[in-house]
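Protein sequences appear in the order of chains A and B. Per the working numbering, residue 38 is the first one in the first sequence, and the count goes up by one each step. Per the working numbering, residue 10 is the first one in the second sequence, and the count goes up by one each step. Glycine included, C-beta positions come from ideal geometry on N, C-alpha and C.
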Amino acid sequence: MKNSISQIKKALIEKKISVGELYDEYLAKAKSGNNNSFNLVIDKENNISSINDSQNRYDNGNPLPLDGIPLGIKDLFCTKGIRTTASSKILSNFIPNYESFVTQQLLNDGSIFIGKNNCDEFAMGSSNETSYFGPVINPWKNKNSQKDNLVPGGSSGGSAAAVAEGSCVASMGTDTGGSIRQPASLCGIVGLKPTFGSCSRWGIVAFASSLDQAGPLTNCVEDAAYILNSINKHDFNDSTSSNHQREDYLIDINNSFEKKIKIGIPSDYLEDVSDEILNQIDNTKKALSKHGIEFVDVEFKTTEYALSTYYILAPAEASSNLARYDGVRYGVREDGESLDDIYLNSRTKGFGDEVTRRILIGAYVLSAGYYDAYYRQAQKVRRLIKNDFQRILNEVDFILTPTTPNEAFKIGDKLDPISMYKNDIYTVPTSLAGLPGISIPSGLSKNGLPLGVQFIGNYFEEKTLLQLAALAEKELSFNE
Amino acid sequence: MSNNWEMVIGLEVHAQLKTSSKLFSSSPNQFGSEPNENVNFIDSGMPGMLPVMNFGCIEMAIKTGYALNFKINKHSVFERKNYFYPDLPQGYQISQFEFPILSEGYINIDSGDNQKKIRIERAHLEQDAGKSIHDIDPKYSFIDLNRVGTPLLEIVSYPDLSSADEVINYMSSLRQLLMYIDVCDGNMQEGSLRADVNLSVRKKGQELGTRCEIKNLNSFKFIKQAIEYEFQRQINIIDCGGEIEQNTMLFDTSTGETRAMRSKEFSHDYRYFPDPDLLPVNLSQEQIDKIKPLVGELPQDKLNKYLNIYCLDKDIAKIIIAEKQNANLFEKMISESTVKPKFIAAWLVGDIFAFIKENNLEVISLNDKTKDITDLLRLISDDVISNKAGKEILPKVLNGEGKPSDLVKELGLEQVSDSGELEKIIDETLVGEEENILKFQGGSDRVLGYFVGKCLKATKGKGNPKLINKILLERLKK
């Protein structure tokens with residue numbers, strides 16, 4: 038078992054380890070790691086004042102909530118003075134002069150960043166194979182085919198792999214259609230996508246603004262609550278940031294529920310699913326039933342439209358969000374004879390295939406004559422999907438689904454984009470609805486690879502969602 | 010023959026709002042700073058930066074809604090207008106498209122001796138772009154992002170205008186209203202108010218022709234020139250058997266000609282869609298109502314007041330109302346003194362405005378001199394000094410050289426209104442004028458003027474002319 042944040046804090050408080058030694062330990066793993074989970078690792082001397090400050094607070098007996106905890110940060114969060122690339126060539130030389138809201142909260146709470154995690158280029162991908170810095174390798178191996186390198190999932194593949202390989206205690210990811218939950222599932226860790234509007238998007242390189250949400254990838258549910266406590270704050274600078282009252286997500290996390298809990302299992306999600314995946318749901322159901330939790334079958338009416346809706350809306354927003362990368366003010370510029378040539382060359386050479394594909398799709402669905410048929414129609418369907426979730430969450434407290442339709446696959450295995458997109462079939466609907474979802478490890482496949490289940494809660498109900506996930510975690514936890 | 014032709018014109022006017030910060034960022038909204046001085050991470054389109062709406066712009070839009078008789082929409086949406094240009098760092102302009110904040114307004118303008126109602130289709134909020142400067146270096150263009158994100162209200166009229174003069178009247182009425190409600194400084198030279206002119210021609214009574222849009226005109230003179238040139242250009246094409254292409258035109262201020270910038274074929278597909286970084290603007294009735302008192306008195310209200318309560322002549326009233334600062338100065342003087350408004354108005358549009366113009370001053374610079382001015386006017390209207398003496402003293406008062414009463418004494422300009430003294434002078438003047446007296450009594454009125462002049466000369470100009478006139482008549486009729 039890897040150490041949890043509370044265990045590490047205890048060791049730091051009891052002076053069994055110093056903040057500097059802790060950093061050394063994780064840094065050594067991060068540097069020796071050959072899974073390519075970091076685009077950039079921060080040497081100790083560049084973090085020395087943070088390390089010393091943190092140690093002082095422990096010595097003075099007033100440590101901050103995340104004091105001294107080494108974190109990995111997806112290379113999509115702008116970090117002041119630290120190169121931020123979105124794993125794209127076009128930003129490969131970009132050093133922001135500002136700190137994202139979310140990472141600023143983590144710094145304010147004493148955590149120390151060990152490096153920037155590799156990810157899919159501009160968070161577009163489900164396998165971390167679209168990164169300009171090369172694919173990330175899943176630390177897990179198929180026991181029946183040890184030599185194969187597997188994908189960690191994506192787009193927060195580096196963040197997931199880094200936690201799984203033990204080169205950081207926890208990491209930050211972003212989730213647009215499953216980019217936290219899917220890699221967490223494929224790497225056997227916990228991944229939480231909070232409700233849209235919980236954590237500020239300010240300073241996160243935008244992919245699809247109406248869907249992007251920051252969240253933690255952690256070894257355990259309690260760690261996710263630690264991180265969420267830090268990052269879940271209203272931010273005036275993000276107009277879509279909710280100003281609802283935030284709760285302490287740690288305080289009741291290990292308590293049992295006071296009221297009777299009902300969980301819905303969407304039958305339509307399980308129609309074409311392998312037995313192995315079905316078993317994950319059954320095991321979870323059995324384990325929680327012991328605690329008096331009731332399970333009922335529910336049925337969505339909109340599931341079949343979710344992926345196509347997502348692959349219209351997300352690229353539409355992306356095509357506009359990525360227009361600013363033109364090589365004019367920052368980033369990599371390719372010269373050209375004319376202004377148009379500079380744009381063309383910088384963007385053609387600066388973006389990879391998947392990003393280019395989505396920009397083209399996005400520009401197409403927004404263009405005159407196609408807008409109504411695609412973009413406007415997709416917005417209407419999105420509304421129906423939200424209503425569908427709302428209808429079901431009026432009947433049940435939570436929804437239980439698989440996180441992914443399969444275990445981690447081989448790097449290079451899924452070449453056609455559609456089959457790759459299908460990997461997000463269980464996570465995308467939640468994203469479209471803006472609801473919170475958490476993936477926790479539920480068991481191992483026949484090949485000895487981790488599989489996960491997803492719990493979905495109502496808007497801003499992260500507190501009970503984490504409580505439920507913590508309960509399930511106790512019953513389901515597997516040893517490596 | 011252009012006699013059979015008429016022009017049909019619609020205007021898109023861009024008014025820069027007078028806010029202290031930009032539409033979606035906290036950078037200062039001001040003209041004349043060093044290049045790229047008023048630019049923050051949002052304006053320069055850095056990764057991960059998000060717009061935050063400046064509610065002051067919404068309030069100004071609502072004010073405009075009241076002033077231009079608009080329907081103020083409770084629900085409006087900011088959308089992205091996507092295109093690439095180096096002075097547009099985000100790669101899109103945030104604007105309102107499908108759901109503007111204001112729709113279906115109108116204003117009345119002067120058209121000949123009549124009023125004409127010009128309907129306004131909509132007005133929406135949007136960001137301005139930066140400036141590209143192409144004439145500093147032969148090889149490179151320079152970009153100044155100061156203007157990026159400046160709040161604009163785009164006011165789109167229906168094609169209700171049918172001459173250059175109407176367009177000028179419409180623009181100046183808009184400018185006057187926007188300045189009255191304090192949402193725009195109206196400075197056309199600095200680009201605070203610019204117009205795109207959509208013009209087509211047709212034979213009277215026929216269907217609308219194909220229109221061309223002349224972009225970015227920032228003076229009344231250029232607007233007039235551009236319209237006249239474009240009108241003739243289109244007629245010439247049609248007269249020669251050609252067809253008008255729907256083009257976007259630029260007006261060349263040095264030649265006074267319009268030329269095509271891009272044709273419809275090459276027009277952008279802006280791929281508008283609601284900006285997912287911003288929530289729709291949803292206003293409550295209370296929020297809208299709260300703004301109404303801030304609109305204040307509009308020019309038409311003032312005109313009615315000036316005509317009916319202050320009894321001014323229409324032409325004089327209009328001159329004063331033309332600029333809010335004039336009206337403010339006038340009303341300040343009225344409130345501070347008991348001199349008749351009509352008397353004040355005459356002096357204001359006459360000698361006082363002339364002084365301002367000659368000395369290149371701002372009207373506002375006289376705001377702290379109103380008491381002295383009205384004191385002077387009091388002296389004139391009470392016949393303490395003559396009109397002529399008043400004109401002599403006025404520049405000194407406006408220059409702050411002293412109190413009117415002191416200046417009168419200093420310069421010895423006090424008028425002689427003592428009838429005893431005047432009678433004596435008049436009697437002396439009439440000595441030896443028997444011949445002229447007889448002429449007068451024989452019916453020659455012109456002689457009266459001669460006697461008044463002679464008496465005034467004898468008083469060294471200080472005699473009260475009215476009184477002199479009265480006494481002279483009495484004497485002469487004897």
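Put simply, the backbone Cα of B/L183 is about 15 Å away from that of B/K27. DSSP lists B/Y101 as the beta-bridge partner residues of B/N91. If one requires a minimum length of 3 residues, the beta strand (DSSP E) runs lying completely within the region 187 to 226 of chain B are 202 to 212 and 221 to 226, in chain order. Against chain A, the beta carbon of B/S53 has neighbours under 7 Å at R366, listed in chain order. Secondary structure remark: continuous beta strand (DSSP E) runs of at least 3 residues inside the region 72 to 126 of chain A, in chain order: 75 to 78 and 107 to 111. The CB of B/M16 never comes closer than 8 Å to any CB in chain A; the least such distance is about 29 Å.
A straight-line Cα-Cα distance of about 9 Å links A/I349 and A/L403. Counting only the Cα atoms, B/F362 lies some 12 Å from B/I353. Residue environment for B/H84: exposed (fewer than 16 other C-beta atoms within 10 angstroms of its C-beta). For B/G462, the secondary structure class from DSSP, reduced to helix, strand or coil, is helix.
Listed in chain order, the positions of the region 89 to 120 of chain A with a beta carbon within less than 7 Å of a beta carbon of chain B are C115. Chain B places a beta carbon closer than 7 Å to that of A/A405, counting this residue as a contact. Close to B/D278, with beta-carbon spacing below 7 Å, are these residues of chain A in chain order: S404 and A405.
When the five nearest sequence neighbours on each side are left out, the beta carbons in the same chain lying within less than 7 Å of the beta carbon of B/D284 are those of F87, E88, R89 and I103, in order along the chain.
Contact of A/R361 with chain B is assigned, a C-beta pair being separated by under 7 Å. Annotation: the continuous beta strand (DSSP E) that includes B/P160 extends over P160 to S166.
Across the structure, B/I330 and B/P168 are spaced so that their CA atoms are roughly 27 Å apart.
Under the Cβ distance rule, A/I298 does not count among the residues neighbouring chain B, no pair being separated by less than 7 Å. Inter-segment contact for the region 234 to 246 of chain B and the region 258 to 271 of chain B is present: three or more beta-carbon pairs are separated by less than 8 Å. Taking each of A/R94, A/S43, A/G474 and A/V418 in turn and checking the Cα distance to A/K500, the smallest one comes out for A/G474.
The beta-carbon of B/D286 is placed less than 7 Å from the nearest beta-carbon of chain A. Taken atom to atom, the span from the alpha-carbon of A/Q219 to that of A/K46 is near 28 Å.
The beta-carbon of B/V157 is placed no less than 7 Å from the nearest beta-carbon of chain A. Boundaries of the alpha helix (DSSP H) harbouring B/F362: F362 to E367, taken from the DSSP string. Taking a beta-carbon distance threshold of 7 Å, A/N274 counts as an interface residue toward chain B. If you draw a 10 Å sphere on the C-beta of B/I318, you find fewer than 16 other C-beta atoms in it, and that means exposed.
Only residues of its own chain outside the window of five on either side were considered, and among them S164, L187 and V188 have a CB closer than 8 Å to the CB of A/F446, listed in chain order. Taking 8 Å as the cut-off between beta carbons, the residues of the region 53 to 86 of chain B near chain A are S53, G54, M55, P56, G57, M58, L59, P60, V61 and M62, in sequence order. Between the region 175 to 192 of chain B and the region 387 to 400 of chain A there are fewer than three inter-stretch CB-CB distances shorter than 8 Å, so the stretches are not counted as touching.
In its chain, beyond the 5 residues on either side, T232 and H281 have a beta carbon closer than 6 Å to the beta carbon of A/F497. In the DSSP annotation of this structure, the continuous segment of the beta strand (DSSP E) that includes B/M258 starts and ends at N256 to D261. Non-local beta-carbon contacts of A/V465 in its own chain, meaning distances under 7 Å to residues more than five positions away in sequence, involve G214, G215, A343, L344 and Y347 in chain order.
Using a Cβ-Cβ cut-off of 9 Å, A/T277 is close to L59, P285, D286, L287 and L288 of chain B, given in chain order. Under the Cβ criterion of 7 Å, A/E391 is not counted among the residues facing chain B. Residue pairing by DSSP places A/P439 opposite A/V490 in a beta bridge. Contact of B/G139 with chain A is not assigned, every C-beta pair being separated by 7 Å or more.
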